[in-house]
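All remarks here apply to the structure that follows.
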Amino acid sequence: MATERKGTFKVEYLQKIEREMQERWEREKLHEGDAAAGPRKSPDEKFLVTFPFPYMNGRLHLGHAFSLSKAEFAVRYERLKGKQVLFPFGFHCTGMPIKACADKLKREMEAYGCPPVFP
Numbered sequence: 743m744a745t746e747r748k749g750t751f752k753v754e755y756l757q758k759i760e761r762e763m764q765e766r767w768e769r770e771k772l773h774e775g776d777a778a779a780g781p782r783k784s785p786d787e788k789f790l791v792t793f794p795f796p797y798m799n800g801r802l803h804l805g806h807a808f809s810l811s812k813a814e815f816a817v818r819y820e821r822l823k824g825k826q827v828l829f830p831f832g833f834h835c836t837g838m839p840i841k842a843c844a845d846k847l848k849r850e851m852e853a854y855g856c857p858p859v860f861p
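Note that our numbering has the sequence shown beginning at 743, numbered continuously upward.
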C-alpha cells in the first residue's frame with residue numbers, strides 16, 4: 743500500500759542545508775590545501791592517504807566501509823595535528839572486472855530473458 747507524500751518540507755529543508763554547507767566549504771576552501779611557500783622543516787608534516795575503491799563486479803559489504811573508515815579517521819586525525827594532508831579522490835579501474843560483469847549479465851539475459859523469467 744503506497745502512501746502519498748504529505749509534503750516536501752523536509753526534503754527542501756535538507757537541500758537548503760546542503761547548499762549552505764557547500765557554499766561555506768567553497769568560501770572557506772576546506773577542500774584545498776596550501777603548498778608550503780618554502781622548504782618544510784620536516785617531511786613528517788605531510789600525510790598522504792589513498793583508498794582502493796571497490797570494483798563494481800561484487801557486492802559491497804561491511805569490510806569496504808571498515809577500510810574506508812580507517813583511511814578517513816587517519817586523515818582527520820592528522821589534520822587535527824596540523825599536518826598537510828592529501829586524501830585524493832581516485833579510482834583504479836581496469837576493463838577486465840567490468841567486462842566480466844557485462845559478460846555475466848549477458849549470459850543471464852540469454853538464459854533467463856530480459857526481463858528475466860526464472861524456472
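Yeah, the Cβ is synthetic: ideal placement off N, Cα and C, and Gly gets one too.
For K846, the enclosing alpha helix (DSSP H) has its first and last residue at 837 to 854. Counting along the chain, F808 sits inside the alpha helix (DSSP H) bounded by residues 804 to 822.
Per DSSP, the unbroken beta strand (DSSP E) holding L828 starts and ends at 826 to 828. When F789, G800, H803 are compared, the shortest CA-CA separation from A813 is found for F789. With a threshold of 16 other beta carbon atoms within 10 Å, V753 falls short and is exposed.
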